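According to this note's numbering, the sequence shown is numbered sequentially starting from 276. Just below is one structure, and these are the notes that go with it.
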Amino acid sequence: MRDEKPLQPKFWVKLRPTLHLLGAVLVLFGSGCFSGKKRDAGLTSEPSIERALEALRNTPSGRQVTDFLHKKPVLFEYSNTPGRCHKFSLRTGRIFLPRELKDSDTLLTLALARAAYIYRLSALSGLEELVSEEEEAGALFQARVAVELGLTNADLARDKSARELRSDFCAYLMQGSGAAALAARNEALSLEPDCQRPLETLQSRKVWLDDMREAINNGSFFQLLYERDRARVRKGIITMNAAMKSEAAIKAMPTYEIYRYQRSFYDDQSGVFSRIERLYRDSLREDEAWRRTNRAALERAREEFSGCGLP
């Protein structure tokens, strides 16, 4: 008696081509054909910034930052105002990059890396206004990414306005992280309104917090809030309309809610300060660890930029 193959239901016979197609689609997904730019579509509408995001994601240090961007998205756009610097509008969920870098994939990737790292610190801490320590940490991260990308003299020579980046990178390579952080701090504290500078420091934030605590008891709490909002308006962080709305909302509070609001505001800001202080310390330790494990890459970069300091 011959062995007979079991009859297959017509349903499965008809479904087989569909299953084959589905399998092919899954293979494409697994190979990354639908990743990359598609994943970055929610972060920017600019093809050049999409390329920068992909380049950053492909570096050892950049993966963690780009993964965070997908968990807590922000929109990257080109700035329409002057200044070769990033600008943050955290309340609207936007970060503006220098338009002048649009045609330089490498320099754009480095500008994006710095801004994205700073955004991550702000988002994790809850800080609504940048401090110079975030710029310092961002500058160190940018330098690490530059080493991992294999930045060359030729990359910077193509852009005559990259002198500041070259100076910062040379400081990181030749003088160490401390010198690079100091250079970033000096830039952050310089008077440059187009770049939302000068920034505050952790120390000035601590002084402000101490003043707020005292103000709860001496009746000057809302005056300090008013002065803070006016300073933010001058820096372009918030609009005058937003400041006026905030002031009106506070003035409309019932008396019995005012003390509770003051305590809640102070406690929230104290928590933010503690988190950003810890994140800043962590970023410095992260940089130290990276330098220890990437000595060979640093040495190659020093050879490439052996002319640092020369005109």
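Glycine included, every Cβ here is placed at the ideal spot set by N, Cα and C. Predicted model only: the values in this text are computed from it and were never measured.
Counterpart residues of residue i in DSSP-defined beta bridges
i: LEU474; result: Its beta-bridge partners do not exist; DSSP assigns none.
i: PHE351; result: THR319, ILE370
i: VAL406; result: GLU475
Cα-Cα separation between residue i and residue j, rounded to whole angstroms
i: LEU365; j: TYR392; result: 14 angstroms
i: ALA299; j: ALA454; result: Only weak support exists for where ALA299 lies, its pLDDT of 45 falling under 50; the value from the coordinates is given anyway. Distance between the alpha carbons of ALA299 and ALA454: 52 angstroms.
i: ARG274; j: LEU382; result: Given that the chain is displayed from residue 276 to residue 586, the structure contains no residue 274 and the question cannot be resolved.
i: LEU372; j: THR530; result: 44 angstroms
i: VAL422; j: ALA572; result: 7 angstroms
i: ASN428; j: TYR541; result: 49 angstroms
i: LEU344; j: ALA490; result: 37 angstroms
i: GLY401; j: ALA524; result: 22 angstroms
i: ASP562; j: SER539; result: 35 angstroms
i: SER320; j: LEU376; result: 16 angstroms
i: GLY511; j: ASP342; result: 29 angstroms
i: ARG460; j: GLU552; result: 16 angstroms
Cβ-based burial, residue i [other Cβ within 10 Å; buried from 16]
i: GLY413; result: buried
i: LYS362; result: buried
i: GLN537; result: buried
i: GLY425; result: exposed
i: ARG505; result: exposed
i: ARG419; result: buried
i: GLN339; result: exposed
i: ALA527; result: exposed
i: MET519; result: exposed
i: GLU532; result: exposed
Cβ separation of residue i and residue j, assumed to be a contact under 8 angstroms, to the nearest whole Å
i: VAL547; j: THR476; result: Between THR476 and VAL547 the Cβ distance is about 15 angstroms, and since that is not below 8 angstroms, they are no contact.
i: VAL349; j: ARG332; result: That belief does not hold up - the Cβ atoms of VAL349 and ARG332 are roughly 15 angstroms apart, past 8 angstroms.
i: GLN417; j: LEU385; result: 5 angstroms
i: GLU410; j: LEU474; result: 7 angstroms
i: LEU399; j: ARG560; result: About 15 angstroms; that fails the 8 angstroms criterion.
i: MET487; j: GLN450; result: Actually they are not in contact, since the Cβ atoms of MET487 and GLN450 sit about 38 angstroms apart, beyond 8 angstroms.
i: ALA327; j: LEU415; result: Not really, about 19 angstroms apart at Cβ, beyond 8 angstroms.
Distance cut-off 7 angstroms: residue i Cβ against heavy atoms of the ligand MG
i: ARG567; result: The ligand content of the structure shown is nil, which means the ligand MG is not present either.
If you scan the stretch 440-514 from start to end, which runs of the alpha helix (DSSP H) of 4 or more residues do you find wholly inside it?
-> 452-463, 477-493, 496-509, all fully within the stretch 440-514.
Secondary structure, alpha helix (DSSP H): runs of 4+ residues fully inside the stretch 353-392 = Within the stretch 353-392, no run of alpha helix (DSSP H) reaches 4 residues while sitting entirely inside it.
Ignoring anything shorter than 4 residues or poking outside the stretch 509-583, list the alpha helix (DSSP H) runs there in chain order.
-> 515-526, 530-568, 570-579
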